[in-house]
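So for the sequence shown, the numbering used here puts the first residue at 40; every next one is plus one.
For each residue, glycine too, the CB sits at the ideal point set by N, CA and C.
Model, not experiment: these values are computed from the prediction.
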Amino acid sequence: MIYDVMHHELYMAQRGKGAFLNGLPIRTSGLADIRSATVEAGWSTRLAHHPYVSLVENLKVAGANVRRAGSGTLGLAYVADGRIDAYCELHINSWDALAGLLIIEEAGGWTNNFLAKDGLRKGNPILACTPELAETLVAATGIAKEP
40 MIYDVMHHEL YMAQRGKGAF LNGLPIRTSG LADIRSATVE AGWSTRLAHH PYVSLVENLK
100 VAGANVRRAG SGTLGLAYVA DGRIDAYCEL HINSWDALAG LLIIEEAGGW TNNFLAKDGL
160 RKGNPILACT PELAETLVAA TGIAKEP
């Protein structure tokens, strides 16, 4: 579950049972064209700012509209309900990501294998998007299925 207290929105999912926002089913946007995509690029103070600047530059070169809203957890929820088409970050902690990853998967989205290489305890890069954008975003961000 993810609860957005400011908007009274409760995102929920259970493996194999779908994803829901305030009790109603949700799906990712299904968008396939990077030139029409909105990608949220989060960042962490655990890394220098230069890799993040390069990440945003690569996304812009690929044709994406890039935004930063400030909450990785909500960014993932917004991918699940189709408000945005992708979320990426070079390092995020598991407590900020795990619920969102399940919600996205249950909403028909694609995610990298966040738990690889001890992601549960140490965090990892994250990429979550529509399945149709996955290949293009892996190339643009450098965040592979297996980090």
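With a threshold of 6 Å on Cβ separation, who are the neighbours of residue i within its own chain once the five nearest residues in sequence on each side are excluded?
i	result
Ser83	His130
Ala58	Ala52, Ile65, Ala119, Ile142, Glu145 and Ala146
Taking the alpha carbon of residue i as the point to measure from, which residue in the options has its own alpha carbon closest?
i	options	result
Asn61	Ala116, Ala103, Tyr91 and Cys168	Ala116
Glu145	Pro170, Ser93 and Val105	Pro170
Val78	Leu172, His47, Ala155 and Ala87	Leu172
Ser68	Gly121, Val95, Lys161 and Lys184	Gly121
Ser133	Gly114, Asn163, Ile123 and Ser110	Asn163
Please state if the CB of residue j and the CB of residue i are separated by a distance shorter than 8 Å.
i	j	result
Cys168	Trp149	yes
Arg66	Gly139	no
Ile41	Ile142	yes
Phe153	Ala125	no
Asp98	Ala179	The question names Asp, yet the displayed sequence has Leu at residue 98. Yes, the Cβ-Cβ distance between Leu98 and Ala179 is below 8 Å.
Val105	Ala80	yes
Leu166	Ile182	yes
How far does the beta strand (DSSP E) with residue i in it reach, from first residue to last?
i	result
Asn97	Careful: Asn97 lies outside any beta strand (DSSP E), inside the alpha helix (DSSP H) at His88 to Ala101.
Thr77	Thr77 to Ala80
Glu128	Ala125 to Ile131
Ala58	Ala58 to Leu60
Val105	Asn104 to Arg106
Ala183	Run containing Ala183: none; DSSP gives neither H nor E here.
Going by DSSP in three states, residue i sits in which element: helix, strand or coil?
i	result
Val118	helix
Ile142	helix
Glu174	helix
Thr112	helix
Ile65	coil
Keeping to the same chain, check which residues put their C-beta closer than 7 Å to that of residue i; ignore five residues upstream and five downstream.
i	result
Gly102	Ile73 and Arg74
Any heavy atom of the ligand SAM closer than 7 Å to the CB of residue i?
i	result
Glu79	Only the bare structure without any ligand can be found here, which leaves the ligand SAM out of the picture.
What is the residue span of the alpha helix (DSSP H) that residue i lies within?
i	result
Arg160	Gly158 to Lys161
What residues in its chain sit with their C-beta under 8 Å from that of residue i, if we drop five residues either side in the sequence?
i	result
Thr112	Ile41, Asp135, Ala136, Ala138 and Gly139
Tyr91	Ala80, Trp82 and Leu129
Glu185	Asn151, Asn152 and Ala155
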